[in-house]
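The opening residue of the sequence shown carries number 8 in this note's numbering; numbering runs sequentially from there. Ideal Cβ placement from N, Cα and C applies to all residues, glycine included. For reference, the structure is listed below as structure tokens.
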Amino acid sequence: MKQMVVIKVAMNGNKSRSKVLKIAVVAPGVQSAGFTGKELDQLEVVGEGIDAAVLTSLLRKNVGPSDLISVGSAEKKEEKKTEILPAAWNSYPYQFSAPSYPIQYYPVEYTDHTDRCSIM
8 MKQMVVIKVA
18 MNGNKSRSKV
28 LKIAVVAPGV
38 QSAGFTGKEL
48 DQLEVVGEGI
58 DAAVLTSLLR
68 KNVGPSDLIS
78 VGSAEKKEEK
88 KTEILPAAWN
98 SYPYQFSAPS
108 YPIQYYPVEY
118 TDHTDRCSIM
């Protein structure tokens with residue numbers, strides 16, 4: 008049975024990303040590996056018979072701080088598709104109305120204080 012392992016790895020740049028992928032792909036039982044997450048800082052490894060603890064310790068020794076996030080089956084889950092209906096009251100989406108109150112502008116006065124010392 009295929010399993011999926013997700014490991015969060017602290018990486019600095021492209022060099023450490025390639026190092027992480029090299030370590031992950033060489034591990035026994037790994038079929039595919041890739042980065043996921045918001046900042047692409049999570050390594051997702053799919054394969055059969057992957058030892059997640061050994062892979063995490065290898066990443067800690069060679070790259071940096073690594074945390075094992077999850078281990079589970081690699082079966083794809085079906086997501087429920089929800090249909091979003093448009094609102095019926097919004098018949099004119101680009102309608103603009105002017106504010107009902109008058110807009111007042113106030114002049115800004117500028118005083119120059121460069122001729123005196125600010126400390127005294």
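Report the partner residues of Leu-50 according to the DSSP bridge assignment.
As a working mapping, residue 50 is identified with position 43 in the sequence shown. BP columns for Leu-50 point to Ile-14, Phe-42.
Val-37 (DSSP reduced to helix, strand or coil)
Indexing the sequence shown from 1 puts residue 37 at position 30. Val-37: strand per DSSP, three-state reduction.
Could you say which of Val-53, Lys-15, Glu-55, Glu-46 lies nearest to Ser-64 if we only look at CA atoms?
Counted from its first residue, the sequence shown places residue 64 at position 57. Minimum Cα distance to Ser-64 is reached at Lys-15.
In the DSSP assignment, find the alpha helix (DSSP H) that holds Val-61 and state where it starts and stops.
For the purposes of this step, residue 61 is identified with residue 54 of the sequence shown, where counting begins at 1. Looking at the DSSP string, the run of the alpha helix (DSSP H) that includes Val-61 is 59 to 69.
What's the gap between the Cα of Ile-76 and the Cα of Val-70?
By 1-based counting over the sequence shown, the position of residue 76 is 69. By 1-based counting over the sequence shown, the position of residue 70 is 63. Rounded to the nearest angstrom, the two C-alpha atoms are 17 Å apart.
So, for Val-37: in the same chain, excluding its five sequence neighbours on each side, which residues have a beta-carbon less than 7 Å away from its beta-carbon?
As a first step, residue 37 must be located in the sequence shown, where it is residue number 30. Apart from sequence neighbours up to five positions away, the residues of its chain that approach Val-37 with a beta-carbon distance below 7 Å are Ala-31, Val-52, Gly-54, Ile-57, ordered along the chain.
Which partner residues of Val-78 appear in the DSSP bridge assignment?
Position 71 of the sequence shown, counting from 1, holds the residue named residue 78. Val-12, per the DSSP bridge assignment.
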